[in-house]
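In the order they appear, the protein sequences are chains W and Z. If you read the first sequence in this note's numbering, its first letter stands for residue 1, the second for the next number, and so on. If you read the second sequence in this note's numbering, its first letter stands for residue 322, the second for the next number, and so on. Data first, discussion second: the structure below is written as structure tokens.
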Amino acid sequence: MTELTPQKLKAMLRNMLLIRRFEETLKKLYQQGKIHGTMHLCIGQEATATGACAALTIEDKITSTHRGHGHCIAKGADVKRMMAELLAKETGYCKGKGGSMHIADLEIGNLGANGIVAAGLPLGTGAALTSKMKKLGYVVLCFFGDGASNEGAFHESLNLASIWKLPVIFFCENNLYAMSGSVKEMVNIKHISERGTAYGIPGITINGNDLIEVVKTTEAAVARARSGGGPTLIEAQTYRWEGHSRSDARKYRTRAEEKEWKMDRDPIVLFKNQLTRNKTMSEDEFGQLNDEVNQLMVEAVTFAEQSHHPDLNALTEDVFA
Amino acid sequence: MRTITYSEAIREAMSQIMRHNPDVFIMGEDIGVYGGAFGLTNGMIEEFGAERVRITPISEAAITGCATGAAMTGMRPILEIQFSDFVMIAADNLVNQAAKMRYMFGGKAKVPMVVRLPGGSGAGFAAQHSQSLEAWMTHIPGLKVVQPSNAYDAKGLMIAAINDDNPVLFYEHKLLYNETGEVPREEYEIPLGKAHVKRTGSDVTIVATGIMVKKAMEAAEELEKDGILAEIIDPRTLVPLDQEVIINSVKKTGRVLVVHEAVKRGGYGAEIASMIAESDAFDYLDAPIKRLGGVETPIPYNPGLEQKAVPQVQDMLQECRKIVME
Ligand SMILES: Cc1ncc(C[n+]2csc(CCOP(=O)(O)OP(=O)(O)O)c2C)c(N)n1
Chain W
1 MTELTPQKLK AMLRNMLLIR RFEETLKKLY QQGKIHGTMH LCIGQEATAT
51 GACAALTIED KITSTHRGHG HCIAKGADVK RMMAELLAKE TGYCKGKGGS
101 MHIADLEIGN LGANGIVAAG LPLGTGAALT SKMKKLGYVV LCFFGDGASN
151 EGAFHESLNL ASIWKLPVIF FCENNLYAMS GSVKEMVNIK HISERGTAYG
201 IPGITINGND LIEVVKTTEA AVARARSGGG PTLIEAQTYR WEGHSRSDAR
251 KYRTRAEEKE WKMDRDPIVL FKNQLTRNKT MSEDEFGQLN DEVNQLMVEA
301 VTFAEQSHHP DLNALTEDVF A
Chain Z
322 MRTITYSEAI REAMSQIMRH NPDVFIMGED IGVYGGAFGL TNGMIEEFGA
372 ERVRITPISE AAITGCATGA AMTGMRPILE IQFSDFVMIA ADNLVNQAAK
422 MRYMFGGKAK VPMVVRLPGG SGAGFAAQHS QSLEAWMTHI PGLKVVQPSN
472 AYDAKGLMIA AINDDNPVLF YEHKLLYNET GEVPREEYEI PLGKAHVKRT
522 GSDVTIVATG IMVKKAMEAA EELEKDGILA EIIDPRTLVP LDQEVIINSV
572 KKTGRVLVVH EAVKRGGYGA EIASMIAESD AFDYLDAPIK RLGGVETPIP
622 YNPGLEQKAV PQVQDMLQEC RKIVME
């Protein structure tokens with residue numbers, strides 16, 4: 001296990017802040033009509049993305065979801081290029097052709113966000129097969145939601161990864177809802193992690209808003225995968241503060257529930273308090289982190305706004321290699 | 322007559338039938354208080370309850386197979402697939418199961434189901450949420466494929482689809498949902514397989530499907546200023562196809578442009594074009610049959626590129642002028 005040095009702890013806090021500010025900025029830009037299409041914010045879920053990726057090396061890979069901004073940032077993406085992609089500019093990660101749901105960064109092991117629910121699981125399972133067959137040593141972590149665990153692709157991937165003992169971690173961000181479908185109504189077991197049993201995969205449920213718990217659990221799963229022990233199913237319980245996408249009136253849940261999660265279980269506040277309480281970090285230092293992240297956002301928006309739209313001739317580029 | 326939107330027209334069709342036919346029910350992801358991804362089922366769970374407005378998990382293969390099973394055994398399900406792109410996950414259930422049941426069982430089974438499929442580009446949803454894959458489905462014997470272009474047709478075709486005893490794929494275009502039109506309050510059917518001559522003309526026939534009908538109407542108005550009179554035909558259903566109306570129009574005008582949003586290569590336009598070429602309308606042609614379709618690329622996110630990826634009014638104008646001048 002890696003040691004959680006003060007630097008590492010602060011870096012993780014910074015990463016969570018960066019995700020939060022990035023998404024708050026997107027929300028503003030969307031309201032100003034600068035972003036078209038749709039997008040899915042992960043505000044409130046910063047600890048799962050940050051903690052899970054903190055347990056990985058740059059060689060390890062992830063697959064992400066439609067709610068992927070946090071995963072991308074945590075895996076080390078450049079927020080300027082992400083912002084440019086959201087504004088549909090040619091300097092974006094996908095040259096403006098992918099948008100929010102398709103950001104990929106293969107060089108740093110991000111095999112891509114995905115607009116098809118659960119599609120990342122078989123892809124990640126395949127990447128893990130490559131690692132095993134070519135003895136590349138990397139592990140793959142597939143992010144997905146509670147809703148995705150009802151897709152056939154989830155079940156088939158778990159089975160395949162299990163019989164072949166592949167180095168893959170199935171990381172479920174259980175934020176209690178899939179669009180409007182409450183996990184209580186869509187899944188008739190207590191914990192998504194129990195589903196591992198059917199495929200001979202250990203399953204564990206954790207508090208996804210507790211950063212350190214996320215890091216430690218993922219590290220154990222990574223160690224198991226690296227040593228040939230096969231896959232693990234992690235269910236991290238968390239909450240998405242916003243609606244499913246920008247058009248969601250949130251009629252399927254109560255404001256009281258939202259308030260409770262925001263007030264009492266904000267992963268950033270919890271972790272920040274932990275660090276200031278045990279004197280790893282001072283309030284001043286936190287203020288600095290905050291300023292630094294805000295400054296990055298200003299730069300990202302400027303970069304994105306000053307970038308060009310792709311040339312119309314780019315329409316047919318990249319269809320084939 | 323009152324004016325309602327394309328969405329409201331579809332909702333009204335479903336609701337009216339559900340009020341008197343207890344076999345009809347709807348199912349799909351988030352179709353309860355959320356109202357479905359496009360608000361199409363707003364208010365339906367309040368009226369019909371959770372038994373008949375069945376909210377499903379995100380399990381396209383399972384829910385499509387489930388609808389098929391329910392249909393075989395006496396129900397008339399209407400299934401909403403959130404974006405038509407996701408039906409690919411359920412391909413086995415549609416293509417190998419629903420489409421073939423009746424035939425395989427020697428006519429013993431029937432599969433009266435409607436699958437609602439919001440398709441098309443223009444909303445910035447990028448490559449996995451913007452496709453027009455209807456031509457794929459027209460290749461499968463046993464599936465009917467419907468593509469309403471306006472509110473009036475949407476209601477009449479939906480009622481016909483629900484009353485049909487076969488699997489019917491109902492392709493809706495996201496950009497048409499808020500389009501309004503005059504729609505009668507009462508139930509009425511537009512029979513599947515009946516094309517509509519939207520506009521008569523003598524110089525060129527434009528056969529347009531789905532949202533392209535609207536664009537073709539705009540193009541026709543422009544063309545009229547040049548003295549070119551376009552006749553516009555909306556097949557409304559791809560399977561079964563109303564060949565007669567198309568052939569008669571081509572015989573009259575001697576020129577034809579077929580236009581759809583789906584990628585041109587292998588698109589349904591190819592089918593319509595060869596149908597014309599194989600008919601006796603061939604002898605009446607004064608110019609080669611022309612097709613306009615989507616560019617051979619996935620749908621990009623960038624708005625400028627997205628527009629360029631599918632036919633626009635301008636493209637139709639250009640093409641029609643060429644056809645008529647030649
Ligand atoms: C195959 C497929 N079906 C449906 C959708 C529409 N959709 C996008 S996200 C979503 C909910 C996903 O819920 P979950 O997996 O729990 O992830 P969360 O949104 O909670 O992060 C739905 C229904 C889709 N994109 N792909």
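Backbone N, C-alpha and C define an ideal beta-carbon position, used for all residues, glycine too. Only a predicted model underlies this, so the values are computations on that prediction, with no experimental measurement involved.
Is residue 349/Z a contact residue of ligand 1, with contact defined as CB to any heavy atom under 7 Å? no
With 16 as the cutoff for other CB atoms within 10 Å, does residue 127/W come out buried or exposed? buried
Which chain Z residues are close to residue 312/W, counting only those with a beta carbon under 8 Å from its beta carbon? 625, 626 and 629
Ligand 1 heavy atom lying under 7 Å from the CB of residue 47/W: no
Under 8 Å, Cβ to Cβ, is there at least one residue of chain Z near residue 117/W? yes
Taking the C-alpha atoms as reference points, what is the distance between residue 458/Z and residue 26/W? 38 Å
Please report how far the alpha carbon of residue 438/Z lies from the alpha carbon of residue 593/Z, in whole angstroms. 22 Å
Check each candidate in 161/W, 150/W and 106/W and name the one with the smallest Cα separation from residue 122/W. 161/W
In angstroms, rounded to a whole number, what distance separates the CA positions of residue 8/W and residue 217/W? 17 Å
I'd like to know whether the C-beta of residue 344/Z is nearer than 8 Å to at least one C-beta of chain W. no
Listing by chain order, which chain Z residues have their CB less than 7 Å from the CB of residue 151/W? 379 and 380
Going by C-alpha to C-alpha distance, which of 304/W, 318/W and 321/W sits closest to residue 91/W? 304/W
For the pair the region 430-437 of chain Z and the region 382-393 of chain Z, tell me if three or more CB-CB distances fall below 8 Å. yes
Taking a Cβ distance cut-off of 9 Å, strictly less, list which residues of the region 515-528 of chain Z are near chain W, in chain order. none
Touch test, the region 250-265 of chain W against the region 222-232 of chain W, Cβ-Cβ under 8 Å, three pairs minimum: no
Per-residue contacts from residue 551/Z into chain W (C-beta, under 7 Å): Within 7 Å Cβ-Cβ: nothing; residue 551/Z doesn't reach chain W, min ~27 Å.
Quick one: is the Cβ of residue 67/W within less than 7 Å of any heavy atom of ligand 1? yes
Could you give the DSSP three-state label for residue 182/W: helix, strand or coil? strand
Could you please tell me which residues of the region 416-447 of chain Z, in chain order, have their CB closer than 7 Å to any CB of chain W? 444, 445, 446 and 447
Beta carbon of residue 70/W, beta carbon of residue 240/W: below 8 Å? no
Say yes only if the C-beta of residue 311/W is nearer than 7 Å to one or more non-hydrogen atoms of ligand 1, and no if none qualify. no
Given 7 Å as the limit, tell me if residue 43/W has its C-beta closer than that to any heavy atom belonging to ligand 1. no
CA nearest to the CA of residue 589/Z, picked from 404/Z, 524/Z and 454/Z: 454/Z
Is it a yes or a no for the region 334-347 of chain Z touching the region 51-61 of chain W, going by three-plus beta-carbon pairs under 8 Å? no
Quick check on the DSSP output: the alpha helix (DSSP H) that includes residue 271/W runs from which residue to which? 267-277
Only counting the same chain, and skipping five residues up and downstream in sequence, which positions put a Cβ closer than 6 Å to that of residue 622/Z? 447
Enumerate in chain order the residues of its own chain whose CB-to-CB distance from residue 479/Z is below 7 Å, with the five nearest sequence positions on each side excluded. 331, 334, 335 and 491
Would you call residue 33/W buried or exposed, if buried means 16 or more other Cβ atoms sit within 10 Å of its Cβ? exposed
Can you name, in chain order, every residue of its own chain whose Cβ lies under 8 Å from the Cβ of residue 486/Z, other than the five neighbours on each side? 431, 432 and 433
Just checking: is the beta-carbon of residue 353/Z within a distance shorter than 8 Å of some beta-carbon in chain W? yes
Kindly indicate if chain W contains any beta-carbon less than 8 Å away from that of residue 407/Z. yes
Can you give me the C-alpha to C-alpha distance between residue 278/W and residue 382/Z, rounded to a whole angstrom? 51 Å
What residues of chain Z sit near residue 180/W, judged by a beta carbon separation below 7 Å? 351, 353, 354 and 355
Does the CB of residue 38/W have a neighbour CB from chain Z at under 8 Å? yes
Report the rounded CA-to-CA distance for residue 340/Z versus residue 37/W, giving the unit in angstroms. 36 Å
Helix, strand or coil at residue 31/W [DSSP, three-state]: helix
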